[in-house]
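Just so you know, this note's numbering puts 345 at position 47 of the sequence shown, and the rest follows in order with no gaps.
Just so you know, even glycine gets a beta-carbon here, dropped at the ideal spot from N, CA and C.
Some notes on the structure that comes next.
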Amino acid sequence: MTQQEYPSRLLENAVSQFARLPGIGRKTALRLVLHLLRQETEDVEQLAAALTTMKREVKRCSVCHNISDQDVCPVCSDPRRDQTTVCVVENIQDVMAIENTQQFHGLYHVLGGVISPMDGIGPSDLEIQSLVERVVEGTIKEVILALSPTMEGDTTNFYIFRKLAPFSDLRITVIARGVSVGDELEYTDEVTLGRSILNRTLFEAK
């Protein structure tokens with residue numbers, strides 16, 4: 299179906315908006331839009347309101363940069379969590395993946411990406427300096443580097459290691475290579491990911 303064949307300009311516009319989402323082509327977008335058309339107006343309005351409210355009110359945790367409804371996320375504000383251990387991850391999905399393993403009980407630090415010169419992403423584009431500042435405070439005893447085992451992830455690991463190396467009392471570890479090289483952390487099964495966290499080793503700069 300070409301754009302000229304849509305029976306409604308409003309329908310076409312809605313399809314175009316859905317098709318902007320990652321992994322959604324125009325055929326899938328059309329199915330979603332037609333599904334919404336079949337729903338009660340109140341249900342569609344609730345969906346629209348939920349998306350608008352999320353966009354306006356969701357925050358980034360002022361400590362770890364995870365998504366939160368409050369200035370400080372539930373993990374950072376939970377006194378039962380190990381305040382001396384911080385797990386460094388690329389994105390929010392990785393936090394969710396590690397939490398699902400129920401094997402880690404410390405805190406997190408979300409970088410917001412990895413160093414990737416090809417994509418124009420450098421260290422200053424990530425939350426690396428704020429990680430250093432957390433370490434400077436003196437409470438953190440171990441930093442776990444839990445980035446995906448890709449070239450970009452390894453480059454980011456090494457950069458962070460160099461930034462944190464001057465802190466002689468700090469233990470810097472990396473998750474075990476139970477996660478296959480080249481895999482994205484968020485797609486790793488929970489058992490493998492959990493074991494990788496538990497069997498972490500000291501980071502060695504090569």
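Within the segment 375–428, the alpha helix (DSSP H) runs of at least 4 residues that lie entirely inside it are, in chain order, 390–399. Going by C-alpha positions, THR471 is about 27 Å away from MET416.
Contact between ILE458 and ILE426 is confirmed by a C-beta separation of about 6 Å, below the 8 Å threshold. Annotation: LEU335 to SER314 spans about 15 Å, alpha carbon to alpha carbon. Judged by DSSP secondary structure, THR471 falls within the beta strand (DSSP E) whose first and last residues are 469–472.
Counting along the chain, the unbroken alpha helix (DSSP H) around ILE458 starts and ends at 449–462.
In the same chain as VAL356, and ignoring 5 residues on each side of it, the C-beta atoms closer than 8 Å to its own belong to ILE365, SER366 and ASP367, in chain order. Non-local C-beta neighbours of HIS363 in its own chain, meaning closer than 6 Å and more than five positions away in sequence, comprise VAL408 and GLU425, ordered along the chain. For GLU440, the enclosing beta strand (DSSP E) has its first and last residue at 440–443.
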